[in-house]
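Chemist:
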Amino acid sequence: MSKMGSATRQIAKQRMQILFQQAETVCRENPALARRYVEVARRIAMAAKIRLPADYRRRFCRNCNALFVHGSNCRVRVQQRREPHVVVTCLVCGHQTRRALRMKKEGNGA
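Here the sequence shown stands for residues 86 to 195, where the numbers follow this note's numbering.
(1) Which of the three DSSP states is assigned to Arg94 in this structure?
(2) Take Arg162 and list the residues in its own chain whose beta-carbon comes closer than 6 Å to its own, dropping the five residues that flank it on each side.
(3) Leaving out five residues before and five after Cys178 in sequence, what residues of the same chain have Cβ atoms less than 8 Å from its Cβ?
(4) Are at least three pairs of beta-carbons, each pair with one atom in the region 110-118 and one in the region 135-145, less than 8 Å apart?
(5) According to DSSP, simplified to helix, strand and coil, what is Leu137?
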């Protein structure tokens with residue numbers, strides 16, 4: 086099963102890559118179609134039980150599946166409160182995503 090499972094996951098990764106490429110090419114002319122491509126890619130990842138790569142996860146809104154086009158449908162701000170972080174606001178649905186700028190330092194036991 087492991088051999089078949091890895092082949093399935095490989096096919097799923099290829100399909101997700103193709104869907105994100107297609108979403109990027111059509112996002113300006115047809116944002117609804119790009120949103121559908123992102124939704125299908127996410128479902129493929131869930132069905133194959135694999136995580137979306139980090140660069141794909143950062144490209145869309147988790148709430149409405151809109152593909153981010155900087156300056157068009159998302160706003161990116163850097164906040165300095167507490168820990169420095171980036172706030173990405175989807176201008177389609179208003180959902181905000183926060184990402185830390187620095188990794189937290191691990192305390193050395195010795």
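All C-beta atoms in this analysis are idealised placements derived from N, C-alpha and C, irrespective of residue type, glycine included. Given the structure is predicted, the values throughout are model-derived calculations rather than measurements.
Modeler: So, from the data block:
(1) In the displayed model, Arg94 falls within a helix according to three-state DSSP.
(2) Result list for Arg162: Val172, in chain order.
(3) Within the same chain, Cys178 has close Cβ partners Cys146, Asn148, Cys149, Ala151.
(4) When Cβ pairs closer than 8 Å are counted between the two stretches, the region 110-118 is seen not to touch the region 135-145, the count staying below three.
(5) Three-state result, Leu137: coil.
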